[in-house]
Amino acid sequence: MKVHNMMEIVVSDVLKRYKDQLHMPCTCGHCMNDVLAMTLNNLQPKYIVKESNSAYVRAMHEADRQGATTILTKVAWAARIVAENPRCDQMKNPSE
Ligand SMILES: [Zn+2]
1 MKVHNMMEIV
11 VSDVLKRYKD
21 QLHMPCTCGH
31 CMNDVLAMTL
41 NNLQPKYIVK
51 ESNSAYVRAM
61 HEADRQGATT
71 ILTKVAWAAR
81 IVAENPRCDQ
91 MKNPSE
């Protein structure tokens with residue numbers, strides 16, 4: 001049986017919702033995954049057994065305002081680091 005880190009669901013939701021406000025120079029899959037991974041490494045993982053519980057997890061987290069603020073702060077922090085050090089090919093290729 002597999003376990004899932006529910007923070008993965010929560011953080012990717014936050015990332016999708018605030019993508020435009022993070023002012024990322026590049027929002028390709030690679031850069032967004034970098035932000036996701038970096039945020040998750042800085043959050044306490046919360047494991048659930050069934051992925052089907054994700055609706056419940058989302059609802060629970062939306063009710064937790066302080067938790068949501070903490071996650072958004074970490075997402076913004078990770079986004080800034082990735083924006084300053086983009087590692088994807090798109091940002092590496094000099095255009096001039
Ligand atoms: Zn990119």
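1 is the number of the first residue of the sequence shown in the numbering used here; add one for each residue after it.
Where is the CB? At the ideal position from N, CA and C, for every residue including glycine.
Note that the coordinates shown come from a computational prediction; the quantities given were computed from them, not determined experimentally.
Between the Cα of residue i and the Cα atoms of the options, which residue gives the shortest distance?
i, options, result
"Asp13", "His30, Arg87, Ala55", "Ala55"
"Val3", "Ser52, Ala68, Ala63", "Ser52"
"Tyr119", "Lys92, Ile81, Thr73", "Summary: the structure shown does not reach residue 119, with the chain confined to residues 1 through 96, and so no result is reported for it."
With a Cβ-Cβ cutoff of 8 angstroms, do residue i and residue j count as a contact?
i, j, result
"Ile71", "Val11", "yes"
"Thr57", "Met6", "The sequence given here has Val at residue 57, not Thr. Taking 8 angstroms as the Cβ cut-off, Val57 and Met6 qualify as a contacting pair."
"Glu62", "Leu40", "no"
"Cys31", "Met38", "no"
Examine ligand 1 and report whether any of its heavy atoms sits within less than 7 angstroms of the Cβ of residue i.
i, result
"His23", "no"
"Met91", "yes"
"His61", "no"
"Pro45", "no"
"His4", "no"
In angstroms, rounded to a whole number, what distance separates the CA positions of residue i and residue j?
i, j, result
"Ala83", "Lys16", "16 angstroms"
"Arg87", "Gln44", "25 angstroms"
"Glu96", "Gln90", "Confidence at Glu96 is low in this model, with a pLDDT of 43, below 50, so its placement is unreliable and the value that follows should be read with caution. In a straight line, the C-alpha of Glu96 is about 13 angstroms away from that of Gln90."
"Asn85", "Trp77", "13 angstroms"
"Gly29", "Gln21", "17 angstroms"
"Cys26", "Ala79", "10 angstroms"
"Met1", "Gln66", "32 angstroms"
Check whether chain B comes within 8 angstroms of residue i, counting only Cβ atoms and requiring the distance to be less than that.
i, result
"Cys28", "Protein chains in the displayed structure number just one, and chain B is not present."
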